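Numbering (the numbering used here), first residue to last: 21 to 526. The structure appears below as structure tokens.
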Amino acid sequence: MMTRPSDWWVLDLGSDPTPGDPVTIRSMARSWGGLADDAEYAEGKLRALIGDEAIGKWVGEAGDAFREKTGDLPGQLGKCKNSYRQASDALTWWAGRLEVHQGDADRALVKGRAARADLEAAQAAASVASGGVESAAGSSVLATARKYADSSPPAGVELPSESAVRAAQQRLSSAQAAARSADAAVVAAQSRLDAARQLALEASSLRVADAKTAAGRIREASDAGIPERSRWEKFKDWAAEAWDVIIKIAKIVVAVLGIVALIIGGPLAWVVFAAALLVLADTIMKYLKGQASLWDVALAALGAIPGVRGLTTLGGLKSLLTRGGGALRAMAAGLRSGLGRRTVVTVGQNVAKFKTRGGLTVKFEMTIKETFKTSRTSADKALQAEVGKLGKAGDQGGHYLAHRFLPGALRKNLFPQNAHFNNSAWKRMENEWADWTEHGMEVRVTGNPLPPKSIRPDQVAVSYEVVDPATGRAVYELRKTFDNAANQAFDRVPRSTIRDMVDSLA
């Protein structure tokens, strides 16, 4: 919870003109973004499973029940994903705008405090000056001189000398000048205070306008079809229970009908094949969780191989087991390839992670704590040129994560990109990252080439979070998708704003 100033009375305001907690708002945005990620993951897995040819040919009550239950779920999950993503983006945008308005209001308050102090000092000086004028104007010397200016004084009354009158008149003039100066100081201080108050009121008005915009975007996200959380939880519970039941049925199908299919063959073999694929998928997932061995995977795969009847003899089984070591190693390699490889690269305090499939980067992450001023090596330049040739005419090999953050020739960090991609909006974003690190902040970056497993991505989706390492709290975050094309735009946080935001953390 952020602490906001409380002395808004300085600006003659009854309360904070820009209330709200960007940290809490961002936390909620991350939660909604996490729900969107969960829905996207579930949608992808479910669509992949439904699209499997074997599932389509799965007959019987279990297959019918599975297709009936999952008929409209992918679409619902897609709407859920889009809705939560829109809401998350709206909150992230709102948190950033709120910080801007609070920064404006806080700067107005700082100016107002100085103006208020000057005003009070000027008013005190004006009061003293006013008393000086009254004292000088009430001088007995001036009073006597004015009284007998056109007549002779009576006996016993002595007129003041001309020098005394001039001195008294000079004191009065000086007092009047001091009073005028003090009054001018009061007017100037009041003007500055009024201007500061107006700035705070403008920040308040802009905050209200942006709050309405954010609320409208969230309503649009809601209209897009965010399901109730309870329904989502019920679906996850049902999916877990249904999957266990389906796997049990599939194992019975493989065990019982498999024997019949060896003799009869024909359409019945497809039923056995579909069930065997489900058992294999379940066994692979258990292997990845450490709940099954590669032998279990191999035996499950054995049931999904067409023509497996030839292995039912003792000789055939012996032959399989003889070659089992190599087969299992090949299967393990295939599993790892399908799931993707992960590479961790550490340079100084910076840590980058790359996930690849088929040699192509599908996700990159990095925690940036410092920048490096190193020249590109000949190997790096040669690799960039080589990667650039894989794209369109005029493309160049460019970095996902800039050379200043991750020096060195690394194929996973390169992709064919439009020649102007890395010299415009993307570079402005990287400049902002560097400015954050110069002020002691950490920048945590996550990105995905789109579509996945593409040699030349059409887009690059990136999100980043600026974290105060002293507290672990996020101070700023943004999510944006860049087209792999020219004329991209990026509205970066100005250096002065970064400095002010970091200073406010102290």
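All residues carry an ideal CB built from backbone N, CA and C; glycine is no exception. Here the structure is a predicted model, which is why all the values come from computation and not from measurement.
Tell me which same chain residues have a C-beta within less than 7 Å of the C-beta of residue i, skipping the five on either side of it?
i, result
"T457", "I388, K389, E390, T391 and V463"
"G158", "none"
"R396", "H423"
"E63", "P94, L97, G98 and K101"
"L219", "D124 and A128"
"L410", "P436, I475 and R476"
"A115", "P42, I45, R46 and A49"
"A56", "K101, Y104, R105 and S108"
Which partner residues of residue i appear in the DSSP bridge assignment?
i, result
"Y168", "Paired residues: none, contrary to the question."
"E388", "For the sequence presented, residue 388 should be read as Ile rather than Glu. Partner(s): V463."
"T381", "T376"
"F502", "V480"
"G488", "Looking at the sequence provided, one finds Asp at residue 488 rather than Gly. Its beta-bridge partners are R493."
Less than 8 Å between the CB atoms is what I'm expecting for residue i and residue j, so what's the real figure, rounded?
i, j, result
"A506", "H419", "Contact doesn't hold; Cβ gap of about 17 Å is too wide."
"R448", "F510", "5 Å"
"L380", "I475", "7 Å"
"R529", "A405", "Missing from the structure shown is residue 529; the chain here goes from 21 to 526 and no further."
"A49", "L111", "4 Å"
"P180", "A197", "Wrong, their Cβ atoms sit about 23 Å apart, outside the cutoff."
"A209", "D138", "4 Å"
"A145", "A202", "4 Å"
"P471", "V480", "P471 to V480, Cβ: 11 Å. No contact."
"R24", "D36", "5 Å"
"K373", "V364", "5 Å"
"V522", "G460", "7 Å"
Excluding five sequence neighbours on each side, which residues of the same chain lie with their C-beta closer than 8 Å to the C-beta of residue i?
i, result
"D27", "L129 and R133"
"Q189", "L162"
Please return the same chain residues whose Cβ sits closer than 6 Å to the Cβ of residue i, not counting the five positions on each side in sequence.
i, result
"T394", "P427"
"G414", "A439"
"D124", "A223"
"A156", "R191, L192 and A195"
"P489", "E462"
"S483", "T466 and R499"
"H121", "T38, A223, L226 and R227"
"A107", "W52, I238 and A241"
"R362", "K375"
"V30", "G132, R133 and R136"
"A149", "A198, A199 and A202"
"E485", "R464, A494 and E497"
"A429", "A399, D400 and L403"
For residue i, does the three-state DSSP call read helix, strand or coil?
i, result
"V153", "helix"
"S108", "helix"
"N370", "strand"
"T233", "helix"
"A350", "Residue placement at A350 is flagged as unreliable, the pLDDT there being 45, under the threshold of 50; the coordinate-derived value follows with that caveat. Helix, per DSSP."
"A509", "coil"
"P471", "coil"
"E178", "coil"
"R361", "strand"
"A526", "coil"
"G40", "coil"
"T517", "helix"
"G116", "helix"
"G53", "helix"
"R127", "helix"
"L97", "helix"
"D138", "helix"
"D214", "helix"
"R133", "helix"
"L33", "coil"
"R24", "coil"
"S159", "coil"
"G285", "Reliability of the predicted coordinates at G285 is poor, the pLDDT of 48 falling under 50, and the value obtained from them is presented with this limitation in mind. Here G285 sits in coil by DSSP."
"P326", "Confidence in P326 is poor, its pLDDT being 49 and thus under 50, which makes the residue's placement unreliable; the coordinate value appears in the next sentence. Three-state result, P326: coil."
"R191", "helix"
"V185", "helix"
Is the CB of residue i under 9 Å away from at least one CB in chain D?
i, result
"G467", "Given the protein chain composition of this structure (a single chain), no chain D is represented."
Segments of 4+ residues assigned as alpha helix (DSSP H) that fall wholly inside the stretch 394-465:
If we require 4 residues or more, the alpha helix (DSSP H) runs fully inside the stretch 394-465 come out as 398-408 and 445-458.
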